[in-house]
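Participant: As you go down the protein sequences, you meet chains W and D in turn. Using our numbering, the letters of the first sequence correspond one by one to residues 1 to 251. Using our numbering, the letters of the second sequence correspond one by one to residues 1001 to 1366. No residue lacks a Cβ here, since even glycine has one placed at the ideal position from N, Cα and C. None of these values were measured; they are calculated from a predicted model.
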Amino acid sequence: MSAILELHGVTKAYDAYTVVDNFNLTVNEGELRCLLGPNGAGKTTTMDLITGRQKMTSGKVVFQGRKISGMSEHRICQQGIGRKFQIPAVFKDLTVQENLRVALTRTTNPFMNMIEFGRGSGRERLQQVVELVGLQERLDELSGNLSHGETQWLEIGMVLTQNPKLLLMDEPTAGMTEQETQKTSDIFNRLKGEHTLIVVEHDMAFVREIADIITLMHLGKTLAEGPMDQVENDPKVREVYLGSEGITDAA
Amino acid sequence: MEKRNLYHDKRAQWAVYLVAFGVLALIPVWMGDDPFTLNQYARYGVFGILALSVSLVWGFGGILSLGQGIAFGMAAYGMAATMQMQYQDPVNDPIPSFMLTNELTALPTVWEPFWHTSVGLILAMGIPVVFFVLFGLLMFQARLAGAFVAIMTLAMLGAWYNMAYDMQPFTAGFNGISPPNAFQAFGVEVDPYSSMIYWVSLGVLAALTLLTKLLLQSKFGTIIQAIRDDSERARFLGYNVAFYQVVVFALGGLIAALGGMVWVIIVQYVSPTALEIFFSITIVIWAAVGGRMSLFGAIFGAIFINAAQSYVGDEFQATWFIILGTVFIVVVRFLPKGFAGLFEYAISFVPNPLPPSRSLISGQQK
Chain W
1 MSAILELHGV TKAYDAYTVV DNFNLTVNEG ELRCLLGPNG AGKTTTMDLI TGRQKMTSGK
61 VVFQGRKISG MSEHRICQQG IGRKFQIPAV FKDLTVQENL RVALTRTTNP FMNMIEFGRG
121 SGRERLQQVV ELVGLQERLD ELSGNLSHGE TQWLEIGMVL TQNPKLLLMD EPTAGMTEQE
181 TQKTSDIFNR LKGEHTLIVV EHDMAFVREI ADIITLMHLG KTLAEGPMDQ VENDPKVREV
241 YLGSEGITDA A
Chain D
1001 MEKRNLYHDK RAQWAVYLVA FGVLALIPVW MGDDPFTLNQ YARYGVFGIL ALSVSLVWGF
1061 GGILSLGQGI AFGMAAYGMA ATMQMQYQDP VNDPIPSFML TNELTALPTV WEPFWHTSVG
1121 LILAMGIPVV FFVLFGLLMF QARLAGAFVA IMTLAMLGAW YNMAYDMQPF TAGFNGISPP
1181 NAFQAFGVEV DPYSSMIYWV SLGVLAALTL LTKLLLQSKF GTIIQAIRDD SERARFLGYN
1241 VAFYQVVVFA LGGLIAALGG MVWVIIVQYV SPTALEIFFS ITIVIWAAVG GRMSLFGAIF
1301 GAIFINAAQS YVGDEFQATW FIILGTVFIV VVRFLPKGFA GLFEYAISFV PNPLPPSRSL
1361 ISGQQK
């Protein structure tokens, strides 16, 4: 397996406060990596730095052998990196179907899209995604009327429609019921292998279900990295999380 | 609320648009050809064009531009210059009289191209568009949105107003330019008091409306609405949001510019009032009252309010703006989608008699 994403000494500092501190990360192709850590560990900031939403203070990000740090957001996205936000972001005044069609970015040129009336093109892809996230019955609903769980799935569906090589998922199960979380982990297990995923998550049961390797962040640095069992039993981790309960309670 | 009702059915929308414009085209046949009425109705057509531009830019593009008058005014001056030079004689009378009274001894270089009607028309239409592209780049590259765009466009409009007012030798200042003859193109004179002017105005309105409607049904149309809803999300789907916004803004400028050109053909006059701040804000009110998220609603709003002003306003001259302001407040508070929203609500009780159109994604629609 070859590395698809590499972070080299990535640092983000606001004046005296360093949010992400000389952070290194290597993610291999087809892997599902979970990014864990307490609030303020720098997980979401790391996602922002990868996708160009925030500018890093120093360091670089390499995606498929190409330096992407410094590119604008849409350029980074066009390299093949999709992102789901922490607070679900969908186009509320458009229908589910229209949301997905916007996500199907065959071309991003405005003038080419003026003569694109969506007859047929990309149908199979949309069909697949709709089935995967289970919104078949909701295609003509305004997405502003969806339930919270459905909104999360729609956004996951939109990111999948883009067919990116790397998917960044920021708390995909936040606010979901247990059943909805179960369905989401099913979706993720089906994505593994085909896509490379980085998932920020708090729900340990969910992480156990899906993760290959966990990177545990603390104060902007890697505290531990490895499979779940190994990370859980790491003495450093236990120290940070104060003792015997392990990371389950703290997260 | 299910989105699929008759109001949202694209086939029904096209039918309504085509029928409405068809009926409007017959007005001179029914109403006879009272020249003043036709001239008046032609003016309403231009107001409709302006509301259309606001609907596209604000209703669908999410860009609250209070500066549509910039494009309207620039194009109006361009058109007036073109018509003025149609009247001037290159040999015996090359300088418009207002320039002579302002002690100019030669035609200013910027006026030279307007000797040629075709060049004049291209400039009248093209300069506002180029300006809107540059101005749009300035704003949208910096990711300005919402109230900041409104303030920037308003300030820019104010600047152009002052320029038109102050550059008296070139623009005739406060008095404005009144070309003595009707506009002539391809050997035809467009009499501003005739059925022809009405059809010119309505024709431009109809063509622009249908083209805009087509544009909004393309993927581009869906994308600009997506950007309106959540520009950040669109950006992280790989769209260059600023590029899209510049294009929408410039298209809105183009529509307003064409409105300005038709306006001068109708009234044979332009003055800084075309660039007045109050006028541009009024355009936004028309669109808001009629329904900014509906092209037809916005156009209807423009015509309705202006007709009301002509026929009711005469009796309430002093209080007209109070009435207009009240209507605006009531609509914004209770009908955020304007009259069109009211219509959308009313029609949701009517079952859609049309068979479901083919879904773009799956075949399992009810």
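Which residue from 194(W), 8(W), 210(W) and 193(W) puts its Cα closest to that of residue 200(W)?
Facilitator: Closest option to residue 200(W), Cα to Cα, is 210(W).
Participant: Run through chain D and tell me which residues come within less than 9 angstroms of residue 167(W), C-beta to C-beta.
Facilitator: Going along chain D, no residue has its Cβ under 9 angstroms from residue 167(W), so there is no contact; the nearest lies around 12 angstroms.
Participant: If the cut is a Cβ gap below 7 angstroms, which residues of chain D does residue 114(W) touch?
Facilitator: Correct list: 1215, 1218 and 1220.
Participant: Is it right to say residue 1030(D) is buried, meaning 16 or more other beta carbons lie within 10 angstroms of its own, or is it exposed?
Facilitator: The residue in question, residue 1030(D), is exposed, as its Cβ has fewer than 16 Cβ neighbours within 10 Å.
Participant: What does residue 103(W) reach in chain D if we use C-beta pairs closer than 8 angstroms?
Facilitator: Within 8 angstroms Cβ-Cβ: 1237.
Participant: For residue 1216(D), tell me which candidate among 1206(D), 1240(D) and 1293(D) has the shortest Cα-Cα distance.
Facilitator: Of the candidates 1206(D), 1240(D) and 1293(D), the one whose C-alpha sits nearest the C-alpha of residue 1216(D) is 1293(D).
Participant: Using CA atoms only, rank isn't needed, just tell me which of 1043(D), 1074(D) and 1262(D) is closest to residue 998(D).
Facilitator: Past the boundaries of the shown model lies residue 998(D); chain D is included only from 1001 to 1366, so the question cannot be answered.
Participant: Pull up the DSSP beta-bridge partners for residue 14(W), would you.
Facilitator: Beta-bridge pairing links residue 14(W) to 17(W).
Participant: From the beta carbon of residue 1229(D), is the nearest beta carbon of chain W less than 9 angstroms away?
Facilitator: True, the Cβ-Cβ gap to chain W drops below 9 angstroms.
Participant: Of all the CB atoms in chain D, is at least one closer than 9 angstroms to the CB of residue 56(W)?
Facilitator: No - not a single Cβ of chain D is within 9 angstroms of the one on residue 56(W).
Participant: Identify the continuous beta strand (DSSP E) that holds residue 217(W) and give its terminal residues.
Facilitator: Here the beta strand (DSSP E) through residue 217(W) covers 213-218.
Participant: Below 8 angstroms on the Cβ atoms is my contact criterion, and I expect residue 21(W) with residue 221(W) to pass it. Report the Cβ-Cβ distance as a whole number of Å.
Facilitator: At roughly 5 angstroms, the Cβ-Cβ gap stays under 8 angstroms, so residue 21(W) and residue 221(W) are in contact.
Participant: Would you identify the three-state DSSP class for residue 1195(D), choosing helix, strand or coil?
Facilitator: Helix at residue 1195(D).
Participant: Since residue 37(W) and residue 216(W) are thought to touch, with beta carbons under 8 angstroms apart, how far apart are those beta carbons, to the nearest angstrom?
Facilitator: 6 angstroms between Cβ atoms; contact.
Participant: In the DSSP assignment, what are the bridge partners of residue 28(W)?
Facilitator: BP columns for residue 28(W) point to 3(W).
Participant: Taking the alpha-carbon positions, what's the residue 128(W) to residue 190(W) distance?
Facilitator: Cα to Cα, the separation comes out at about 12 angstroms.
Participant: In chain W, what lies closer than 7 angstroms to residue 1247(D) by C-beta?
Facilitator: By Cβ distance, chain W contributes 110.
Participant: The alpha helix (DSSP H) that contains residue 225(W), what's its start and end?
Facilitator: Segment 221-226 is the beta strand (DSSP E) holding residue 225(W); no alpha helix (DSSP H) there.
Participant: I need the straight-line Cα distance from residue 1291(D) to residue 1055(D), nearest angstrom please.
Facilitator: Roughly 8 angstroms separates the two Cα atoms.
Participant: Verify the CB distance criterion: does residue 1233(D) have a CB-CB separation below 9 angstroms to chain W?
Facilitator: So, interface residue.
Participant: Suppose the cutoff is 6 angstroms on Cβ atoms and the five residues either side in sequence are ignored; what does the same chain contact list for residue 1348(D) look like?
Facilitator: Only 1005 meet the Cβ criterion.
Participant: If you count every other CB in all the chains shown that lies within 10 Å of the CB of residue 106(W), and 16 or more means buried, which is it?
Facilitator: With fewer than 16 other Cβ atoms within 10 Å, it is exposed.
Participant: Helix, strand or coil for residue 93(W) per DSSP?
Facilitator: If DSSP states are grouped into helix, strand and coil, residue 93(W) belongs with coil.
Participant: Determine contact between the segment 1069-1084 of chain D and the segment 1171-1190 of chain D, defined as no fewer than three beta-carbon pairs at a distance below 8 angstroms.
Facilitator: Yes, the segment 1069-1084 of chain D touches the segment 1171-1190 of chain D.
Participant: Could you compute how far the alpha carbon of residue 1263(D) sits from the alpha carbon of residue 1036(D)?
Facilitator: If I take the Cα positions, the gap works out to 15 angstroms.
Participant: What are the residues that DSSP puts in a beta bridge with residue 34(W)?
Facilitator: Residue 34(W) pairs with 199(W) and 214(W).
Participant: What is the rounded straight-line gap between the Cα of residue 1279(D) and the Cα of residue 1273(D)?
Facilitator: Distance between the alpha carbons of residue 1279(D) and residue 1273(D): 8 angstroms.
Participant: So what's residue 244(W) in DSSP terms, helix, strand or just coil?
Facilitator: The pLDDT assigned to residue 244(W) is 47, lower than 50, so where the model puts this residue is not dependable; a value taken from the coordinates is nonetheless given after this. Reduced to three states, the DSSP call for residue 244(W) is coil.
Participant: How should residue 99(W) be labelled, buried or exposed, when 16 other C-beta atoms within 10 angstroms of its C-beta is the threshold for buried?
Facilitator: Residue 99(W) comes out buried.
Participant: How many Å lie between residue 1089(D) and residue 1115(D) at the Cα?
Facilitator: Roughly 9 angstroms between the two C-alpha positions.
Participant: Measure the Cβ-Cβ separation of residue 1219(D) and residue 123(W) and say whether it is below 9 angstroms.
Facilitator: Against a cut-off of 9 angstroms, the Cβ pair of residue 123(W) and residue 1219(D) comes out as no contact.
Participant: Beta-carbon separation of residue 1195(D) and residue 1043(D) under 9 angstroms?
Facilitator: It is not a contact, given that the beta carbons lie outside the stated cut-off.
Participant: I'd like the list of long-range same chain contacts for residue 1177(D), defined as Cβ closer than 8 angstroms, with 5 residues on each side in sequence excluded.
Facilitator: So the qualifying residues of the chain are 1077, 1080, 1081, 1084, 1096, 1098, 1171, 1269, 1270 and 1271.
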